[in-house]
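Under the numbering used here, the first residue of the sequence shown is numbered 5, with each subsequent residue one higher.
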Amino acid sequence: MIRVLVPLAFEDAQPGLIAEVHTVRGETMGTTWQVKWVHESRQPVDEAFIRRAIEAELCLVVDQMSTWKKDSVLSSFNEAAPSSLVSIPDALADVLEASFWLADVSGGAFNPAAGAVVNLWGFGPAPRYTDSGFYPPDVDEVQHAMQRTNWESLGFNRVGKQLFQPGGVWLDLSAIAKGYAVDRVAQKMIDMGFCHVMVEVGGEFRGHGMRPGGLPWWLELEVPPCVPGSTVALVNHLALHGVAVATSGDYRRVYVHDGLYCCHSVDPRTGQPITNGVASVSVVHKYCMWADGWATALMVLGVGQGIVLAERHGIAALFVERLPEGGLKETMTLAMRNMAQ
Ligand code: AMP
Ligand code: MG
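Following this line, the structure appears as structure tokens:
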């Protein structure tokens, strides 16, 4: 059965009569991106120009926020000497501000400074869990790494745009930077005069306007894989109309060690990969950065604490839990139910 999710507000722009959809694609941040837009003018479209504009936005995010790129601003911070102050450029400052806020409200379930622990479990740049000889950490290693995850020790100065490195704190913005990149690209397209546009970076989406003919950019939300033959959750189709959506899942980067299912969502409060039974969380928000960050935070919090926090902040979230018998169970917050038709 298909459930349709439709945002409550409608955008003004009507698609033109002479209109065709163009698509450009590429790779970034270890994943793929695509941008679709409706070209309404009689002028020929300069796809190369648009591609360059998109790639410039993506490069800016990578240059500032990647832990994979050794000379990114984030990597420089992570390698900075103890007790040093690091200058933070505008885009990174915006993402850090959002990340620290999410860390505060989620009680550290979302933690941009959890990189030391994330890396130990093999989900950082190196060593990867896929590397030969990789071994998950023991209790002492986890305890040691957890001492390097205190985001409150970083004294972020938003006005002076400086961040304090107490020593050994490893920032990891992988849970939010992709969403931020989607927002930057969407805004760039709008600034270039395209009001009917759909942007994706690695499974995080934002859409505006509509396709020629007046239909929205429909998106089928990911359904987590479950035991064959068991109940499959409803298929949800979201109208990407003035909204963004991000999904965190327990099935993307995983391995099993000694019977322990290790997924890339780590609970910084325990130092362990999550075991709360949540298979995925999708969040719909005006901004993809917030959808991305919230999806990770709620994934770690689990259905119990996650629903309470999401309801308190009016967040539209869809939780999918794994049932012991192998099926999947959905729970939606009020804001998500309000979009359901
Ligand atoms: P996402 O797919 O957006 O949920 O992001 C997952 C990525 O975020 C992981 O690969 C880690 O790099 C990072 N991460 C994992 N757990 C957390 C957490 N609790 N808080 C912040 N970032 C995390
Ligand atoms: Mg995320």
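Quick reminder that beta carbons are idealized off the backbone N, C-alpha and C, glycines included.
Quick caveat, the model's predicted, so the values are computed rather than measured.
Query raised in the report: Leu338: which of Tyr184, Val287, His268 and Ile54 sits nearest, CA to CA?
Result: Taking the sequence shown and counting its residues from 1, the one referred to as residue 338 is at position 334. Nearest option by C-alpha distance: Val287.
Requested in this report: For the alpha helix (DSSP H) containing Val146, list its first residue and its last residue.
Outcome: For the purposes of this step, residue 146 is taken as residue 142 along the sequence shown, with counting starting at 1. Per DSSP, Val146 belongs to the alpha helix (DSSP H) from Val143 to Met150.
Query raised in the report: Measuring from the CB of Asp108, is there a heavy atom of the ligand AMP at a distance below 7 Å?
Result: As a working note, residue 108 is residue 104 in the sequence shown. False, no ligand heavy atom lies under 7 Å from that Cβ.
Query raised in the report: Buried or exposed: which applies to Ile6, given that a residue is buried once 16 or more other Cβ atoms fall within 10 Å of its Cβ?
Result: The sequence position of residue 6 within the sequence shown is 2, counting from 1. When all chains shown are included, Ile6 counts as exposed.
Query raised in the report: Near Leu64, which residues of its chain fall below 8 Å by C-beta distance, leaving aside the five closest residues on each side in sequence?
Result: Counting from 1 along the sequence shown, the entry for residue 64 is found at position 60. Cβ within range, chain order: Ala95 and Arg188.
Query raised in the report: Hey, would you say the C-beta of Gly297 is under 7 Å away from at least one heavy atom of the ligand MG?
Result: Here the question's residue 297 lines up with position 293 in the sequence shown. Checking every heavy atom of the ligand MG against the Cβ of Gly297, one is found closer than 7 Å.
Query raised in the report: Which one of Leu219, Ser178, Glu15 and Arg273 has the shortest CA to CA distance from Gln147?
Result: What you label residue 147 is simply residue 143 of the sequence shown in a count that begins at 1. Cα-wise, what sits closest to Gln147 is Arg273.
Query raised in the report: Does any heavy atom of the ligand AMP sit closer than 7 Å to the C-beta of Val282?
Result: By 1-based counting over the sequence shown, the position of residue 282 is 278. Val282 Cβ: outside cutoff for every heavy atom of the ligand AMP.
Query raised in the report: Given that a residue counts as buried once 16 or more other Cβ atoms are within 10 Å of its Cβ, and exposed if not, what is Val307?
Result: What you label residue 307 is simply residue 303 of the sequence shown in a count that begins at 1. Buried.
Report task. Examine the Cβ distances between the region 206 to 213 and the region 317 to 326 and report whether three or more of them are shorter than 8 Å. Result -> no
**Report entry** Cβ neighbours of Ala85 in the same chain (closer than 8 Å, five flanking residues each side left out)
**Finding:** Translated into positions along the sequence shown, residue 85 becomes position 81. The answer, listed in chain order, is Gln169 and Gly171.
Query - Residue environment, Ser87, which counts as buried when at least 16 other CB atoms sit within 10 Å - result: As a working note, residue 87 is residue 83 in the sequence shown. By the neighbour-count rule (16 or more Cβ atoms within 10 Å), Ser87 is not buried but exposed.
Requested in this report: Would you tell me roughly how many angstroms separate the C-alpha atoms of Glu145 and Leu78, rounded to the nearest one?
Outcome: By one-based count along the sequence shown, residue 145 stands at place 141. By one-based count along the sequence shown, residue 78 stands at place 74. Cα to Cα, the separation comes out at about 23 Å.
Requested in this report: Let me know the secondary structure DSSP gives Leu219 once reduced to three states.
Outcome: Your numbering for residue 219 matches position 215 in the sequence shown. Coil at Leu219, not helix or strand.
**Report entry** Residue range of the alpha helix (DSSP H) that includes Ala97
**Finding:** In the sequence shown, counting from the first residue as 1, residue 97 sits at position 93. Residues Asp94 to Val109.
Report task. In angstroms with no decimal places, state the Cα-to-Cα distance between Cys230 and Pro328. Result -> Here the question's residue 230 lines up with position 226 in the sequence shown. Here the question's residue 328 lines up with position 324 in the sequence shown. Each residue's alpha carbon lies about 11 Å from the other.
Query raised in the report: In or out: His245 buried (at least 16 other Cβ within 10 Å) or exposed?
Result: Reading the sequence shown from its first residue, position 241 is the one you call residue 245. Classification for His245: buried.
Query - the region 41 to 59 in contact with the region 135 to 145 per 3-pair CB rule at 8 Å - result: no
Query raised in the report: Roughly how many angstroms lie between the CA atoms of Tyr259 and His268, to the nearest whole one?
Result: Along the sequence shown, one-based indexing puts residue 259 at 255. Along the sequence shown, one-based indexing puts residue 268 at 264. Their backbone Cα atoms lie some 9 Å apart in a straight line.
Query - C-beta atoms of Trp3 and Met202 nearer than 8 Å - result: Because residue 3 is not part of the residues shown, which for the chain are 5 to 345, the question remains open.
Query raised in the report: Going by beta carbon distance, what residues of the same chain come within less than 8 Å of Met340, once the five residues before and after it are set aside?
Result: Start at 1 with the first residue of the sequence shown, and residue 340 comes out as number 336. Excluding positions up to five away in sequence, the list reads Leu9, Val288, Ala320, Ala321 and Leu322.
Report task. Go through its chain and collect everything with a Cβ distance to Lys73's Cβ below 8 Å, but skip five positions before and after it. Result -> Against the sequence shown, residue 73 aligns to sequence position 69. Val66, Asp67 and Ser79, listed in sequence order.
Requested in this report: Quick one: grab the DSSP three-state call for Lys192.
Outcome: By 1-based counting over the sequence shown, the position of residue 192 is 188. Helix at Lys192.
Query raised in the report: Counting pairs of Cβ atoms below 8 Å between the region 42 to 50 and the region 129 to 136, do you hit three or more?
Result: no
Query raised in the report: Under a Cβ-count criterion, where at least 16 other Cβ atoms within 10 Å of its own Cβ denotes burial, should Gly263 be classed as buried or exposed?
Result: Position 259 of the sequence shown, counted from the first residue, corresponds to residue 263. Gly263 is exposed by the Cβ-count criterion.
Query raised in the report: Would Gly206 be called buried (16 or more neighbouring beta carbons within 10 Å of its own) or exposed?
Result: Residue mapping note: residue 206 aligns to position 202 of the sequence shown, counting from 1. Gly206 comes out buried.
Query raised in the report: Between the C-alpha atoms of Val239 and Pro228, what's the straight-line distance to the nearest angstrom?
Result: Here residue 239 refers to the residue found at position 235 when the sequence shown is read from its first residue. Here residue 228 refers to the residue found at position 224 when the sequence shown is read from its first residue. One C-alpha to the other measures close to 11 Å.
**Report entry** Whole-number beta carbon distance between Ser157 and Glu226, since they are thought to touch under 8 Å
**Finding:** Position 222 of the sequence shown, counted from the start, is the residue given in the question as residue 226. Position 153 of the sequence shown, counted from the start, is the residue given in the question as residue 157. Not really, about 36 Å apart at Cβ, beyond 8 Å.
**Report entry** Rounded C-alpha distance that separates Trp155 from Thr335
**Finding:** Taking the sequence shown and counting its residues from 1, one reaches residue 155 at position 151. Taking the sequence shown and counting its residues from 1, one reaches residue 335 at position 331. Cα to Cα, Trp155 sits roughly 31 Å from Thr335.
**Report entry** Contact set for Ser70: own chain, Cβ-Cβ below 6 Å, skip 5 residues either direction
**Finding:** Looking up residue 70 in the sequence shown gives position 66. The residues are Ser76.
Query raised in the report: How about Leu177 and Ser103: are their beta carbons less than 8 Å apart?
Result: Taking the first residue of the sequence shown as 1, we reach residue 177 at position 173. Taking the first residue of the sequence shown as 1, we reach residue 103 at position 99. Yes. Within cutoff.
Query raised in the report: Can you tell me whether Leu89 is buried or exposed, with buried defined as 16 or more other CB within 10 angstroms of its CB?
Result: Numbered from 1 along the sequence shown, position 85 holds the residue referred to as residue 89. Exposed is the call here.
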